[in-house]
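Going by the working numbering, the sequence shown opens with residue 1, and the numbers climb by one from there.
From the three backbone atoms N, C-alpha and C, an ideal C-beta is built for every residue, glycine too.
What you are looking at is a predicted structure, and each value in this text was computed from that prediction instead of being measured.
What follows is a short report on a single structure.
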Amino acid sequence: MASSKRLTEMIESDEQTLQLMVFIVAGGHFGINVAKVSEIMKYSQYPITPMPNSNPFVEGIFRPRTETMTVINLAAYMGLPPAEDEERDILIITKLNNVETAFHVHGVVAIESVRMSEIEKPDTTIYGGEEGLATGIAKHTNKLITIVDFEKILIDISPNLGFSPSDIDKLGMRSRSTKPILVAEDSPLLESLIISSLEKAGFVNILCASNGQEAWQQLTDFKDTGRPIESNVCAVITDIEMPLMDGHRLLRLIKEDEFLQKVPVFIFSSLVTEDNREIGKNLGATASISKPEIASLVELLDKHML
């Protein structure tokens, strides 16, 4: 095992921070990566039209400009009470999986720069495991901020916005591969979907890590065995936003390591923009694929592994 001191020195040699938009729902503090936020609006700024027979957590639709957006009531989804006064309520507009969605919250506090070392992996027994909404808990300025899994909310409400193992069907007949793949993904739901999809595609040797630090620890342990790295991992698939260490930092460490640098690294994230694609390319990513394009990810794995 690599020593904790050695691992910590490598992680903290370039202290990472995450820009969080901190918002309020029923008095609690929650957070979202500002990279996922297109803009914020006053809740009362535009009329919201209810939709018949829609999901109970969908308030309706509105049209602030040329595109119609769905409004999701975050308090209702979380099982929390509504605001006593909607005058201060806010709509947080996100762009995830190439779809803009408005989330109704009770207020926005600030944008906080949070050190990755301040973000903890949530306890699955407390935060619900695959059913939970927390991808991280940030201890910052004497308050706890729950980082919310917005992708999970969207997939729960509109499954067509996500991906499923059935997306692999269009690739036709598949052969079985036992080559090991390491997946770093902080959302338990998305981790489960990725694993199921890869297994359906024939990749049956999947290793998992819930953040970049866990993935790096596994890779460091493989390195310490002295065996060829291909015997332990033939590819890494990583999300970008994760607690403790994000995907870009993980990619950088891999590509700066003489023993690990030949391992293909695929970024698979809802945050794949042109800017992030360029960052990934400059850091040495084999490819950056936007969720939910799981079939494209499998085709690239075929190209670089089989």
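With H, G and I counted as helix, E and B as strand and the rest as coil, what does DSSP make of residue 106?
Three-state DSSP puts residue 106 in coil, outside helix and strand.
Just curious, the beta strand (DSSP E) that residue 209 is in, first and last residue?
For residue 209, the uninterrupted beta strand (DSSP E) segment begins and ends at 206–209.
What residue range does the alpha helix (DSSP H) around residue 295 cover?
For residue 295, the enclosing alpha helix (DSSP H) covers residues 294–305.
DSSP-derived helix/strand/coil call for residue 130:
The pLDDT assigned to residue 130 is 49, lower than 50, so where the model puts this residue is not dependable, and the model offers no usable value.
For the pair the region 231–245 and the region 174–191, tell me if three or more CB-CB distances fall below 8 Å.
Contact between the region 231–245 and the region 174–191 is present, with at least three C-beta pairs closer than 8 Å.
Pick helix, strand or coil for residue 220, following the three-state DSSP scheme.
Residue 220 falls in the helix class under three-state DSSP.
Pick from 147, 122, 299, 304 that is closest to residue 310, judged by C-alpha positions
No answer is possible for residue 310: it lies beyond the span of the chain, which begins at 1 and ends at 306.
Residue 229 in three-state terms, based on DSSP
Three-state DSSP puts residue 229 in a helix.
What do you get for residue 262, buried or exposed, if any count of 16 or more other CB atoms within 10 angstroms of its CB means buried?
In the assembly as shown, residue 262 is an exposed residue. Its beta-carbon has fewer than 16 other beta-carbons within 10 Å.
Status (buried if at least 16 other CB within 10 Å, exposed otherwise) for residue 304
Classification of residue 304: exposed, given that the 10 Å Cβ count is below 16.
Rounded separation between residue 130 and residue 82 - CA only
The pLDDT assigned to residue 130 is 49, lower than 50, so where the model puts this residue is not dependable; a value taken from the coordinates is nonetheless given after this. Residue 130 and residue 82 have their alpha carbons spaced roughly 25 Å apart.
Inter-stretch contact at 8 Å, needing at least 3 Cβ pairs: the region 155–165 / the region 188–198:
A contact exists between the region 155–165 and the region 188–198.
Beta-carbon separation (whole angstroms), residue 59 vs residue 48, contact threshold 8 Å
Indeed they touch by this definition, with Cβ atoms about 6 Å apart.
For the region 70–88 and the region 103–121, state whether three or more C-beta atom pairs, one from each stretch, are separated by less than 8 Å.
The answer is yes - the region 103–121 touches the region 70–88, with three or more Cβ pairs under 8 Å.
In the DSSP assignment, the beta strand (DSSP E) including residue 193 goes from what residue to what residue?
No beta strand (DSSP E) holds residue 193; the alpha helix (DSSP H) holding it covers 188–200.
Pick helix, strand or coil for residue 16, following the three-state DSSP scheme.
Three-state DSSP puts residue 16 in coil, outside helix and strand.
For residue 32, does the count of other Cβ atoms within 10 angstroms reach 16, so buried, or fall short, so exposed?
Around the beta-carbon of residue 32, 16 or more other beta-carbon atoms lie within 10 Å, marking it buried.
Reduced DSSP secondary structure (H/G/I, E/B, other) of residue 113:
Of the three classes helix, strand and coil, the one that applies to residue 113 here is strand, per DSSP.
Counting only runs that start and end within the region 69–95, where is the beta strand (DSSP E) found for 3 or more residues in a row?
You should have 69–73.
I believe residue 314 touches residue 96 by the beta-carbon criterion, under 8 Å. Please report the beta-carbon distance rounded to the nearest angstrom.
The shown model of the chain, from 1 to 306, leaves out residue 314, and the question about it has no answer.
If I follow the unbroken alpha helix (DSSP H) through residue 163, where does it start and stop?
Residue 163 -> no alpha helix (DSSP H), and no H or E assigned at all.
Along the chain, where does the alpha helix (DSSP H) that runs through residue 42 open and close?
Where residue 42 is concerned, there is no enclosing alpha helix (DSSP H), although the beta strand (DSSP E) it sits in stretches over 37–42.
Can you confirm whether the region 51–67 touches the region 282–293 when touching is taken to mean that 3 or more C-beta pairs between the two stretches lie within less than 8 Å?
Not touching, per the Cβ criterion.
Inter-residue spacing [alpha-carbon to alpha-carbon] between residue 199 and residue 89
Distance between the alpha carbons of residue 199 and residue 89: 43 Å.
What residue range is occupied by the uninterrupted beta strand (DSSP E) comprising residue 143?
Segment 143–148, the beta strand (DSSP E) holding residue 143.
Own chain partners of residue 293 with C-beta closer than 7 Å, once the 5 adjacent residues on each side are dropped
Short of 7 Å from the beta carbon of residue 293, and not among the five residues preceding or following it, lies no beta carbon of its own chain.
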